[in-house]
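J.:
Residue numbers (full-length UniProt numbering): 1 to 318.
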């Protein structure tokens with residue numbers, strides 16, 4: 001599978017142009033962690049979506065769906081450790097694990113990505129039984145913590161780019177639709193806050209690009225559903241002041257602007273076009289993917305017996 005850089009990965013702007021995303025009138029409903037979810041188009045050229053092997057992305061950092069030991073596991077976690085080589089495990093062994101809802105950073109070792117951010121997402125059923133809404137708080141915390149860690153990384157001239165795997169959506173049983181909604185809302189709200197900070201401090205936003213990297217088609221479909229509700233096309237953002245949530249309206253963040261030519265839009269979106277006008281990134285995205293099989297059991301920790309399958313809220317194993 002080809003190694004992709006950020007310029008090869010379709011942004012929301014480009015996904016609208018290729019009709020992979022379709023505008024909707026629906027606005028996102030409130031979350032426990034975000035009473036006024038953002039609906040804005042000002043980050044459409046900086047938020048990306050792709051179904052691809054996350055170990056084959058040349059980004060500043062990729063986010064691993066890790067377990068609390070940080071010593072590897074199944075699914076994406078195992079795939080990242082295998083691709084990175086034994087040096088990653090050696091480095092992780094020195095980190096003394098990680099709490100649920102938190103994340104820790106390591107080098108990328110043999111990966112195309114420079115760094116790996118190891119996020120420990122919640123086990124959906126376990127945390128939900130402790131307190132309704134706790135699972136969402138912990139999942140949102142993972143995304144925010146990873147973005148904060150990414151701010152301290154060297155992204156070079158192009159700025160920091162971060163690729164998120166679908167945290168907690170495998171064996172940890174978090175429903176894919178719910179998880180995608182939390183991910184998008186949390187990332188966008190964080191980006192709004194960072195833009196405010198940069199304007200206030202006369203500085204720059206360190207994290208320039210965020211990529212949602214999907215492992216399975218169901219994950220990808222969930223983002224296709226939710227992204228238009230949070231991120232309308234730029235034209236809608238210009239024509240309607242209602243595309244911003246209350247928090248954004250009260251802030252100093254300015255409304256989105258667009259350039260008049262498609263070529264400028266594509267440049268902002270970070271998508272390469274070939275001489276015939278075809279979208280090469282979109283073609284790559286639609287290649288037949290051969291990703292590792294999703295995990296069916298909890299990661300087994302050293303010295304512990306085989307794990308049982310995690311039960312979802314519907315009582316089915318995931």
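Backbone N, C-alpha and C fix where the C-beta goes; we use that ideal spot for every residue, glycine too.
Owing to the predicted nature of the structure, the values given are computational and were not obtained by experimental measurement.
Do you know offhand how far residue 215's Cα is from residue 203's?
T.: On the chain shown, position 215 is the one that residue 215 refers to. On the chain shown, position 203 is the one that residue 203 refers to. Cα to Cα, the separation comes out at about 35 Å.
J.: Could you tell me the boundaries of the alpha helix (DSSP H) in which residue 230 lies?
T.: In the chain shown, counting from the first residue as 1, residue 230 sits at position 230. It spans 217-230 - the alpha helix (DSSP H) in which residue 230 sits, taken as one unbroken run.
J.: For the structure I just gave you, are there three or more beta carbon pairs, one from the segment 119-138 and one from the segment 19-34, closer than 8 Å?
T.: Result yes; three or more Cβ-Cβ pairs closer than 8 Å.
J.: DSSP three-state call for residue 192: helix, strand or coil?
T.: Working through the chain shown from its first residue, we reach residue 192 at position 192. Note: residue 192 maps to helix in three-state DSSP.
J.: Give the DSSP bridge partners of residue 5, in chain order.
T.: Mapped onto the chain shown, residue 5 falls at position 5. Paired residues: 58.
J.: Are there three or more Cβ pairs, one per stretch, closer than 8 Å when the segment 56-71 is compared with the segment 228-237?
T.: With a cut-off of 8 Å, the segment 228-237 and the segment 56-71 do not count as touching, because too few Cβ pairs lie within range.
J.: Helix, strand or coil: how does DSSP classify residue 52 here?
T.: By one-based count along the chain shown, residue 52 stands at place 52. If DSSP states are grouped into helix, strand and coil, residue 52 belongs with coil.
J.: Output the distance between the C-alpha atoms of residue 161 and residue 225, rounded to the nearest integer angstrom.
T.: In the chain shown, residue 161 corresponds to position 161, counting from 1. In the chain shown, residue 225 corresponds to position 225, counting from 1. Going by the C-alpha atoms only, they are around 23 Å apart.
J.: Just how far apart, CA to CA, sit residue 23 and residue 90?
T.: Here residue 23 refers to the residue found at position 23 when the chain shown is read from its first residue. Here residue 90 refers to the residue found at position 90 when the chain shown is read from its first residue. Their backbone Cα atoms lie some 46 Å apart in a straight line.
J.: Got a sec, what are the start and stop residues for the beta strand (DSSP E) residue 35 sits in?
T.: Position 35 of the chain shown, counted from the start, is the residue given in the question as residue 35. First-last for residue 35: undefined, no H or E at that position.
J.: Would residue 17 be called buried (16 or more neighbouring beta carbons within 10 Å of its own) or exposed?
T.: Indexing the chain shown from 1 puts residue 17 at position 17. Its Cβ being crowded by 16 or more others within 10 Å, residue 17 is buried.
J.: Just the Cα atoms here: how many angstroms apart are residue 185 and residue 27?
T.: For this step, residue 185 is matched to residue 185 along the chain shown. For this step, residue 27 is matched to residue 27 along the chain shown. If you take the alpha carbons of residue 185 and residue 27, they lie about 12 Å apart.
J.: Considering only C-alpha positions, which residue in the set 11, 190 and 1 is nearest to residue 227?
T.: Within the chain shown, the letter at position 227 stands for residue 227. It is 11 whose Cα lies nearest to the Cα of residue 227.
J.: Which same chain residues end up closer than 6 Å to residue 100 when comparing Cβ atoms and leaving out the 5 residues on each side of it in sequence?
T.: In the chain shown, residue 100 corresponds to position 100, counting from 1. Excluding residues within five positions, the ones whose Cβ falls inside 6 Å are 120, 122 and 138.
J.: Could you please give the first and the last residue of the uninterrupted alpha helix (DSSP H) stretch that includes residue 81?
T.: For the purposes of this step, residue 81 is taken as residue 81 along the chain shown, with counting starting at 1. Looking at the DSSP string, the run of the alpha helix (DSSP H) that includes residue 81 is 75-84.
J.: Assign residue 257 to one of two classes, buried (16 or more other C-beta atoms within 10 Å of its C-beta) or exposed (fewer than that).
T.: Translated into positions along the chain shown, residue 257 becomes position 257. Unreliable positioning characterises residue 257 in this predicted model, as indicated by a pLDDT of 37, which lies under 50. The coordinate reading is nonetheless provided below. So residue 257 ends up on the exposed side.
J.: Let me confirm a value: residue 53 is counted as buried when at least 16 other C-beta atoms fall within 10 Å, else exposed. Which label applies?
T.: If you number the chain shown from 1, residue 53 lands on position 53. When all chains shown are included, residue 53 counts as buried.
J.: Skipping 5 residues on each side, what residues in its chain have a beta carbon closer than 8 Å to that of residue 141?
T.: Locating residue 141 in the chain shown gives position 141, counting from the first residue. Answer for residue 141: 101 and 102, listed in chain order.
J.: Could you tell me if residue 206 is buried or exposed, where buried requires 16 or more neighbouring beta carbons within 10 angstroms of its beta carbon?
T.: Working through the chain shown from its first residue, we reach residue 206 at position 206. That one is buried.
J.: Along the chain, where does the alpha helix (DSSP H) that runs through residue 146 open and close?
T.: Mapped onto the chain shown, residue 146 falls at position 146. Its alpha helix (DSSP H) spans residues 134-151.
J.: Once you ignore the five residues that flank residue 254 on each side, which residues in its own chain have a CB closer than 7 Å to its CB?
T.: Reading the chain shown from its first residue, position 254 is the one you call residue 254. Annotation note: pLDDT 37 at residue 254 (below 50); position unreliable, no value reported.
J.: Give me the Cβ distance between residue 50 and residue 210, rounded to the nearest whole Å; I'm assuming they're in contact under 8 Å.
T.: Translated into the one-based positions of the chain shown, residue 50 becomes position 50. Translated into the one-based positions of the chain shown, residue 210 becomes position 210. Not a contact, Cβ separation roughly 12 Å.
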